[in-house]
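Trainee: Numbering (numbering that gives the first Met the number 0), first residue to last: 0 to 343.
All C-beta atoms in this analysis are idealised placements derived from N, C-alpha and C, irrespective of residue type, glycine included.
Please read these numbers as outputs of a predicted model, since none were measured by experiment.
Just passing along the structure, written as structure tokens.
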Amino acid sequence: MTHSIKNLKLAMLFSLVFVCVDWLSFIHPMGQLNITPWNPPAAVQVLFLTWAGLMWAPWSFITICFADWLIRDSIIFSSSVLIGNAILIGCYSSISYALIKLTKGVPRLQNRVEVFKLSLVSVIGAAITSILYVGFQTLISKLVKEDFVEASYRFFVGDLLGLVVVLPLSLLFLNPYRQDQFKQMFKSQSFWLLFVGLLICEYFVFSLPIALQMKYFFPLFFAVGLIGAAHSLPGATFAAAVVQIPLVISFTQIGVLPSDLIDMQIVMFTLSMTGLLIGTVVDERLNTQEKLKETLQLVAAGELAGSLAHELHQPMSAINAYAESAVLLSSSEHNEPNGKNKDT
């Protein structure tokens, strides 16, 4: 009973977060559908299904239908909403299932192999989801055929950035070991110095005209790389999320074309992957150092045990020799009176 109530609270929290994130990220849509260049709700869906289990897919379906009605004024019982969202839930459930199977549980992102699997599943999953969803909306004439390629590409970029930026950070936040790393990171003065440097770089880049932002985007690579190198994967994922939010906000200005945001999102994808790679390499190095430290401690303990055994062996040998001498002396004293009695 208690477990069921806990799961229900988690599901309600998911629905609240999903609707809020969906509303905030509903930027530059196509056909009043959730086809945007920035779609973090996809990551929220995958995270919930991965953490709570695929049995909660119907709840996710109801949540996304409710969000369509509330945010996009969609008719819930239309084929565009019911079948379209069923396609989305099926795809996101498949992504979640693939991640669980490939990483043997909830992904912990402990090494480059797990990060590669997450990235690969994200790319393939986002591509398949975009083709199926946009294809269906085109089939029922919700979108015109001429917009199929553009809509698929926009949907793919939006889902991919949501999965690559939001999902790793969320998975780390839910990991107890990583939570300790985040606490240590937030207590570190070096992190806040680097964080201020990142904010300065963001202000410099995003205060420029849209045409120049991509040209001068490289300082953000340097800032995210430094945070990742200093604070491993938690720092890298947090820094990437901090860059993503003002990037999207800067492209909500009047007169900004969706194509400009999509181009910047591709650069953002490169930045996120760079941060993930640097953070993972640092994590692996730290883990190797910890294992080496444990090995050296075992070796030192073995050497100490050996020296103690040697030191203990010497007095034990002396005691043993003394005991043997005492026995021989006692035997000789015992035999000597017997010899005298025989002579008498």
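Taking one C-beta from the stretch 177-193 and one from the stretch 149-163 each time, how about it: are there three or more such pairs within less than 8 Å?
Mentor: No, because fewer than three Cβ pairs between the stretch 177-193 and the stretch 149-163 fall closer than 8 Å, the two stretches do not touch.
Trainee: Going by CA-CA distance only, name the one from Ile86, Leu53, Glu113, Leu15 that's closest to Ala66.
Mentor: Leu15
Trainee: Is the Cβ-Cβ distance between Val45 and Ser95 less than 8 Å?
Mentor: yes
Trainee: Run through DSSP, which three-state label would Leu32 get?
Mentor: The answer is strand: DSSP assigns Leu32 an E or B state.
Trainee: Kindly list the residues whose CB is nearer than 7 Å to the CB of Glu237, restricted to its own chain and excluding five residues on each side of it in sequence; keep chain order.
Mentor: Note on identity: in this sequence residue 237 is Phe, with Glu being the wrong assignment. Taken in chain order, the residues that qualify are Leu168.
Trainee: Taking the alpha carbon of Ala10 as the point to measure from, which residue in Val80, Gln136, Phe60 has its own alpha carbon closest?
Mentor: Put simply, of Val80, Gln136, Phe60 the residue whose alpha carbon is nearest the alpha carbon of Ala10 is Phe60.
Trainee: Between the C-alpha atoms of Phe47 and Ile34, what's the straight-line distance to the nearest angstrom?
Mentor: When rounded, the distance between both Cα atoms is 21 Å.
Trainee: Would you identify the three-state DSSP class for Asp72, choosing helix, strand or coil?
Mentor: coil
Trainee: I'd like to know if the stretch 128-140 and the stretch 227-246 are in contact, where contact means that at least 3 CB-CB pairs between them fall below 8 Å.
Mentor: no
Trainee: So, is Ile4 buried or exposed, given that buried needs 16 or more other C-beta atoms within 10 angstroms?
Mentor: Taking a 10 Å sphere around the C-beta of Ile4, we find fewer than 16 other C-beta atoms and assign the residue as exposed.
Trainee: Buried or exposed: where does Gly83 fall if 16 or more other Cβ atoms within 10 Å of its Cβ makes it buried?
Mentor: buried
Trainee: Between Gln31, Leu32, Pro36, Pro40, which lies nearest to Val18 when the distance is taken from Cα to Cα?
Mentor: In terms of Cα proximity to Val18, the closest of Gln31, Leu32, Pro36, Pro40 is Pro40.
Trainee: According to DSSP, is Gly227 part of a helix, a strand, or is it coil?
Mentor: helix
Trainee: Looking only at its own chain, which residues have a Cβ that is under 6 Å from the Cβ of Gln180, when we skip the five neighbours before and after it?
Mentor: Pro233
Trainee: Using 8 Å for Cβ pairs, my map puts Ala222 next to Gly278. What's the rounded Cβ distance?
Mentor: Wrong, their Cβ atoms sit about 14 Å apart, outside the cutoff.
Trainee: In the DSSP assignment, the alpha helix (DSSP H) including Trp50 goes from what residue to what residue?
Mentor: 40-51
Trainee: In its own chain, which residues sit with a C-beta less than 7 Å from the C-beta of Ser249, not counting the 5 before and 5 after it?
Mentor: Phe205
Trainee: Less than 8 Å between the C-beta atoms of Ser92 and Gly124, yes or no?
Mentor: no
Trainee: In terms of residue numbering, what span does the alpha helix (DSSP H) encompassing Phe155 cover?
Mentor: 147-160
Trainee: Nearest-angstrom Cα distance between Ala210 and Ile261?
Mentor: 13 Å
Trainee: Going by the beta-carbon positions, is the gap between Leu87 and Thr62 smaller than 8 Å?
Mentor: no
Trainee: Which of the three DSSP states, helix, strand or coil, is assigned to Ala199?
Mentor: Note on identity: in this sequence residue 199 is Ile, with Ala being the wrong assignment. DSSP places Ile199 in helix when its eight states are reduced to three.
Trainee: Where does the unbroken alpha helix (DSSP H) through Pro175 begin, and where does it stop?
Mentor: 175-186
Trainee: Within 10 angstroms of its Cβ, does Ser151 collect 16 or more other Cβ (buried), or is it exposed?
Mentor: Buried: at least 16 other Cβ atoms inside 10 Å.
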